[in-house]
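Right, one structure below, let's go through it.
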Amino acid sequence: MKYSLLCALTFGLAASAAAQDDVPFAVPGSGAYSPYTVDSFPNRVLFGDTHLHTAFSADAGLIGNTLGPDEAYRFAKGEAVRSSTGVPARLQRPLDFLVVSDHAENLGIAPLLAERDPRLASTDYGASLIARMEANDPAGAWEIFSVTKASGVDPLVEVDGLYESIWARITKAAEMHNEPGVFTALIGFEWTSTYQRSNLHRNVIFRGGKETADTIVPFSQYDSADPEDLWAWMAQYEADTGDRLLAIPHNGNLSNGLMFDDVKLGSDTPLDADYAKRRARWEPLYEVTQMKGDGEAHPLLSPDDAFADFETWDKGQLGPAPKTPDMIPREYAREALKRGLAYERELGTNPFKFGMVGSTDSHTSLSTATENNFFGKVAALEPTADPIRFEEVVGGIGGEEDVAQYAWQTSASGLAAVWARENTREAVWDALKRREVYATTGTRIRVRVFAGYDFTASDLPRSDFAAHGYETGVPMGADLPVDADNRPPRFVIRALRDPDGANLDRIQVVKGWLNADSTTEERIYDIACADREIVGGACDGGVGNTVNAAEATWTNDIGRPILNGYWEDPDFDPTLPAFYYVRVVEIPTPRWTTYDAKFFNVEAPEGAPASIQERAYTSPIWYTPEG
């Protein structure tokens, strides 16, 4: 009976439509019946990793990593895999996108050795490496690689087709795993400049696919250790192919003060307008948090910020030399953002106008960023009861005790979050380029920020919050236009906890500005607090802590799953340039070392905090006065 009625109804509608072709199905009103037909703004947040190494990186494959790009993508997509040490591994939830960013220097040397590639074996360098591997002496092979790399001369540069074949394997894996609308595999590599043992590394990310990417081999430190030469190479690639590139620097905290320096590399030449324009063009983002420490802020630079000392690596560098205090102001994101305002006034362009992302920098092929699923930075430090898991020296190698960074100090961080319309290469890359992105330390907090002059507190619960935000103001990563009436900026912010994570403790606005005398200042404003009032711009009382370290557990008895905030800058001066970014902080949860101590029934390392407060950092919004 139902079938008959349906048929009759269908026939009747068809006949009616045929008889009245000029009658639309929807009655005309103010617009289309569906309110979403004209929406084009980013309406979903995607979580991913823009910095992951596989066995195709020498400092992974030569020291125990046996998993290649294929395994890396399968793991990121939610499949269970076995780690290089045989430990079963799987993500709690799949990632939305991934960049396999293997080091360009001697790209693919480990799999070539494993395959006894005849092109490699025909060189003295390759033969010496193969001999070490056949003698079961991986440490000796690593030493040969390290010494050769330090020389600055690529011993394989003349081997025809070697790097091309490896790069083609990497791009093939990306093509195979890229599923538009489901999972995005962005093509990329890491340029690993270690100028005078200083970390100046950048991850280079392609917008396009294999067809254009295969026209080059990745630019390496052997080609140049100067980022200006990298930018020139990127410009030539774009001109030759029509594809697009961007670069993401990371770990300024290990750069000996060079990451955000005031002079050009290796000289006393001050930064000029051309340098500023090119850096702003090619480096729209900075990786602010990852395994080798958090790089948002430093307690010496931000003594009034109670959250500035978070997973800090500040004792040494990549090598044995100790850090000196004069380096620190040129190593951290917030300070660079402030100094960028001064450069814009002086040069007309801000060279440090970057958005913020997090990523892992894992060298295990496993993009794990949660505290209870942390597979370490390298294969030797994967989950194990062996003391090496905590005690291995991973920073300040070869130096004195006071510069050493130990494996237990490695962070489980982080993730990159992008606001996009769809999960495709183009949409993800475009979000990265326009800086509508944010960093998390591994948690999947959802954060949305808009700034403008006409927002009110009543906008926070709007059902069309995003549409109204784009119509009325600008999102994270954007420039806020000058208001004709010099009104102070108003911000509306929504934050939602990770559905499988901890409640939120607070929302903060971090403001930096440039005074008329070219000095810079900063201030942190608490604008939403869980279960406390705001008094004098700060939460009235500290956060609680439900962590049971002995059991490695915690509860959501404190904090809030959702925090919203409306804020108007009370200290606004329309004549002074400024930036604003949002920091969202969770309640305390167990650190990975606490989980490990419980699981393996071992003592937590001395000095390791039992708990941490995971967080998110949004890309800034900039205000620049006219003139």
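When the sequence shown is numbered by the numbering used here, its final residue is 1103 and no position is left out of the sequence of numbers. Quick reminder that beta carbons are idealized off the backbone N, C-alpha and C, glycines included.
Any idea what DSSP makes of residue 1024, helix, strand or coil?
The residue you call residue 1024 lines up with position 548 of the sequence shown. Strand at residue 1024.
What does DSSP give as the partner residue(s) for residue 1031 in the beta ladder?
Residue 1031 sits at position 555 when you count from the first residue of the sequence shown. Paired residue(s): none; residue 1031 is not in a bridge.
Are the beta-carbon atoms of residue 840 and residue 855 separated by less than 8 Å?
The count along the sequence shown starts at 1 and reaches residue 840 at position 364. The count along the sequence shown starts at 1 and reaches residue 855 at position 379. Their beta carbons are under 8 Å apart, which means residue 840 touches residue 855 by this criterion.
Would residue 571 and residue 525 be called neighbours here (beta carbons separated by less than 8 Å)?
For this step, residue 571 is matched to residue 95 along the sequence shown. For this step, residue 525 is matched to residue 49 along the sequence shown. Yes.
So, for residue 867: in the same chain, excluding its five sequence neighbours on each side, which residues have a beta-carbon less than 7 Å away from its beta-carbon?
Position 391 of the sequence shown, counted from the start, is the residue given in the question as residue 867. Here the set comprises 882, 883.
For residue 1010, list the residues DSSP reports as bridge partners.
As a first step, residue 1010 must be located in the sequence shown, where it is residue number 534. Residue 1010 is bridged to 1015.
Beta-carbon separation of residue 671 and residue 729 under 8 Å?
Along the sequence shown, one-based indexing puts residue 671 at 195. Along the sequence shown, one-based indexing puts residue 729 at 253. No. Outside cutoff.
Closer than 6 Å by C-beta to residue 490: which residues in its own chain qualify, once you throw out the five before and the five after it? Chain order, please.
Mapped onto the sequence shown, residue 490 falls at position 14. Per-residue confidence for residue 490 stands at a pLDDT of 45, beneath the threshold of 50, marking its modelled position as unreliable; the derived number appears in the next sentence. The answer is none, since no qualifying residue turns up.
Just the Cα atoms here: how many angstroms apart are residue 717 and residue 1056?
Translated into the one-based positions of the sequence shown, residue 717 becomes position 241. Translated into the one-based positions of the sequence shown, residue 1056 becomes position 580. Whole-angstrom Cα-Cα distance: 37 Å.
Buried or exposed: where does residue 1070 fall if 16 or more other Cβ atoms within 10 Å of its Cβ makes it buried?
For this step, residue 1070 is matched to residue 594 along the sequence shown. Classification of residue 1070: buried, given that the 10 Å Cβ count is 16 or more.
Go ahead and pull the three-state DSSP assignment for residue 1065.
Taking the first residue of the sequence shown as position 1, residue 1065 is located at position 589. Three-state DSSP puts residue 1065 in a strand.
Count the other CB atoms within 10 Å of the CB of residue 1053; is the residue buried (16 or more) or exposed (fewer)?
Indexing the sequence shown from 1 puts residue 1053 at position 577. Buried is the call here.
Secondary structure at residue 1101, three-state DSSP: helix, strand or coil?
As a working mapping, residue 1101 is identified with position 625 in the sequence shown. Of the three classes helix, strand and coil, the one that applies to residue 1101 here is coil, per DSSP.
Relative to the C-alpha of residue 660, which candidate in 617, 897, 954, 904 has its C-alpha closest?
Locating residue 660 in the sequence shown gives position 184, counting from the first residue. Closest option to residue 660, Cα to Cα, is 904.
Look at the alpha carbon of residue 771 and the alpha carbon of residue 509, and state the distance between them as a whole number of angstroms.
Start at 1 with the first residue of the sequence shown, and residue 771 comes out as number 295. Start at 1 with the first residue of the sequence shown, and residue 509 comes out as number 33. Between residue 771 and residue 509, the C-alpha separation is close to 48 Å.
What residue range does the beta strand (DSSP E) around residue 527 cover?
Taking the first residue of the sequence shown as position 1, residue 527 is located at position 51. Looking at the DSSP string, the run of the beta strand (DSSP E) that includes residue 527 is 520-528.
Is residue 1068 near residue 763, with beta carbons less than 8 Å apart?
By one-based count along the sequence shown, residue 1068 stands at place 592. By one-based count along the sequence shown, residue 763 stands at place 287. Not in contact: residue 1068 and residue 763 (Cβ atoms no closer than 8 Å).
Please check the pair residue 534 and residue 586, which I expect to be a contact at CB under 8 Å, by giving their CB distance rounded to whole angstroms.
One-based indexing of the sequence shown puts residue 534 at position 58. One-based indexing of the sequence shown puts residue 586 at position 110. Indeed they touch by this definition, with Cβ atoms about 6 Å apart.
Could you check if residue 829 belongs to the surroundings of the ligand FAD, using beta carbon to heavy atom distance under 7 Å?
Only the bare structure without any ligand can be found here, which leaves the ligand FAD out of the picture.
For residue 955, list the residues DSSP reports as bridge partners.
Position 479 of the sequence shown, counted from the start, is the residue given in the question as residue 955. According to DSSP, which records beta bridges pairwise, residue 955 is partnered with 1098.
With DSSP collapsed to three states, give me the class of residue 620.
Counted from its first residue, the sequence shown places residue 620 at position 144. Residue 620: helix per DSSP, three-state reduction.
Taking residue 796 and residue 879 to be in contact with their CB atoms under 8 Å, please state how far apart those CB atoms are, rounded to whole angstroms.
If you number the sequence shown from 1, residue 796 lands on position 320. If you number the sequence shown from 1, residue 879 lands on position 403. The pair is a contact, with the Cβ atoms about 7 Å apart (cut-off 8 Å).
Can you tell me which of 674, 1007, 897, 1024 puts its alpha carbon nearest to the alpha carbon of residue 1016?
Taking the first residue of the sequence shown as 1, we reach residue 1016 at position 540. Per the Cα distances, 1007.
So, at 6 Å on beta carbons, what are the nonlocal neighbours of residue 838 in its own chain, with the 5 sequence-adjacent residues on each side left out?
Translated into positions along the sequence shown, residue 838 becomes position 362. So the qualifying residues of the chain are 528.
Please report the distance separating the alpha-carbon of residue 939 from that of residue 1098.
Working through the sequence shown from its first residue, we reach residue 939 at position 463. Working through the sequence shown from its first residue, we reach residue 1098 at position 622. Each residue's Cα considered, the two are about 27 Å apart.
Do residue 624 and residue 614 have their beta-carbon atoms positioned less than 8 Å apart in this structure?
Translated into the one-based positions of the sequence shown, residue 614 becomes position 138. Translated into the one-based positions of the sequence shown, residue 624 becomes position 148. Cβ distance not < 8 Å, so residue 614 and residue 624 don't count as in contact.
Does the distance from the C-beta atom of residue 1157 to that of residue 1087 stay below 8 Å?
For residue 1157 there is no data in the structure shown, the boundaries of the chain being 477 and 1103.
Are residue 682 and residue 664 closer than 8 Å when you measure CB to CB?
Looking up residue 682 in the sequence shown gives position 206. Looking up residue 664 in the sequence shown gives position 188. Taking 8 Å as the Cβ cut-off, residue 682 and residue 664 qualify as a contacting pair.
Any idea what DSSP makes of residue 488, helix, strand or coil?
Taking the sequence shown and counting its residues from 1, the one referred to as residue 488 is at position 12. Residue placement at residue 488 cannot be trusted, given a pLDDT of 45 that sits under 50; the coordinates are not used to answer.
Just checking, does the segment 916-927 make contact with the segment 946-959 on the three C-beta pairs under 8 Å criterion?
Touching, yes.
Are the beta-carbon atoms belonging to residue 517 and residue 578 less than 8 Å from one another?
Walking along the sequence shown from the start, residue 517 turns up at place 41. Walking along the sequence shown from the start, residue 578 turns up at place 102. Contact flag unset, no.
Assign residue 814 to one of three DSSP states: helix, strand, or coil.
Looking up residue 814 in the sequence shown gives position 338. In the structure shown, residue 814 sits in a helix (DSSP, three-state: H, G or I).
Quick one: is residue 1102 buried, meaning 16 or more other Cβ sit within 10 Å of its Cβ, or exposed?
As a working note, residue 1102 is residue 626 in the sequence shown. Its Cβ having fewer than 16 others within 10 Å, residue 1102 is exposed.
Where DSSP assigns a beta bridge to residue 659, which residues make up the other side?
Residue numbering aside, residue 659 sits at position 183 when the sequence shown is read from its first letter. In the DSSP output, where bridge partners are listed per residue, residue 659 has 655.
Go through its chain and collect everything with a Cβ distance to residue 999's Cβ below 6 Å, but skip five positions before and after it.
The residue given as residue 999 occupies position 523 in the sequence shown. 987, listed in sequence order.
Which partner residues does residue 1002 have in the DSSP bridge list?
Taking the sequence shown and counting its residues from 1, one reaches residue 1002 at position 526. Note: residue 1002 sits in a beta bridge opposite 984.
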